[in-house]
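To start, the structure itself, in C-alpha cells.
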Amino acid sequence: MQEISPGKYIPDFHHRYLEEDVPYGLAVTKGVAQIVGVATPCTDKVITWAQGHLGKEFLVGSELKGREIKDTRAPQAFGLNTLDGLLSLM
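The numbering used here numbers the first residue of the sequence shown as 299 and each following residue consecutively.
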C-alpha cells in the first residue's frame with residue numbers, strides 16, 4: 299500500500315505480486331492452457347486487470363499475443379505454440 303495523504307492509501311500496483319506473479323506465474327498457466335485448448339476466463343480477467351495497472355500488454359482478447367509476451371515465461375515467449383513443441387522439451 300502507498301500512502302497518498304495522511305491516512306489515505308492506494309494499492310502499490312508495482313509490487314512484486316503484480317510485477318512478477320503475472321508474467322512469471324499467471325502467464326505461464328495461461329500459455330499452457332491456450333496450447334491445450336482450455337478456456338481460462340477467470341485467469342484472463344485477472345491478467346487483463348493487472349496489465350492495465352502495469353501498463354503492459356500480455357493478452358489481446360483472450361490470447362497471449364500482446365507486446366510484452368516476450369517478457370514472460372509463457373511457452374509462447376519461446377516460440378512454443380503447439381502441444382508437440384511443448385512436449386519436445388520433456
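Just so it is clear, CB atoms sit at the ideal spot from N, CA and C, and this is done for glycine as well.
Along the chain, where does the alpha helix (DSSP H) that runs through residue 318 open and close?
Here residue 318 refers to the residue found at position 20 when the sequence shown is read from its first residue. Run containing residue 318: none; DSSP gives neither H nor E here.
Close Cβ partners of residue 367 (< 7 Å) along its chain, the five nearest in sequence each way excluded
Counted from its first residue, the sequence shown places residue 367 at position 69. So the qualifying residues of the chain are 356, 374, 375.
Can you grab the Cα-Cα spacing for the pair residue 371 / residue 307, in whole Å?
To locate residue 371, count along the sequence shown from 1; it is residue 73. To locate residue 307, count along the sequence shown from 1; it is residue 9. For residue 371 and residue 307, the distance between alpha carbons rounds to 32 Å.
Member of 386, 300, 360 whose CA lies at the smallest distance from the CA of residue 332
As a first step, residue 332 is located in the sequence shown; it is residue number 34 there, counting from the start. Closest option to residue 332, Cα to Cα, is 360.
Would you mind sorting residue 382 into buried or exposed? The rule is 16 or more other CB atoms within 10 Å of its CB.
By 1-based counting over the sequence shown, the position of residue 382 is 84. Residue 382 is classed as exposed because its beta carbon has fewer than 16 other beta carbons within 10 Å across all chains shown.
Report all residues from its chain with a CB closer than 6 Å to the CB of residue 326; omit the five preceding and five following residues, and keep chain order.
Translated into positions along the sequence shown, residue 326 becomes position 28. 371, 372, listed in sequence order.
Complete beta strand (DSSP E) runs within the segment 303 to 378 (minimum length 3 residues, chain order)
306 to 308
Euclidean distance between Cα positions of residue 322 and residue 316
Position 24 of the sequence shown, counted from the start, is the residue given in the question as residue 322. Position 18 of the sequence shown, counted from the start, is the residue given in the question as residue 316. So the alpha carbons of these two residues sit roughly 10 Å apart.
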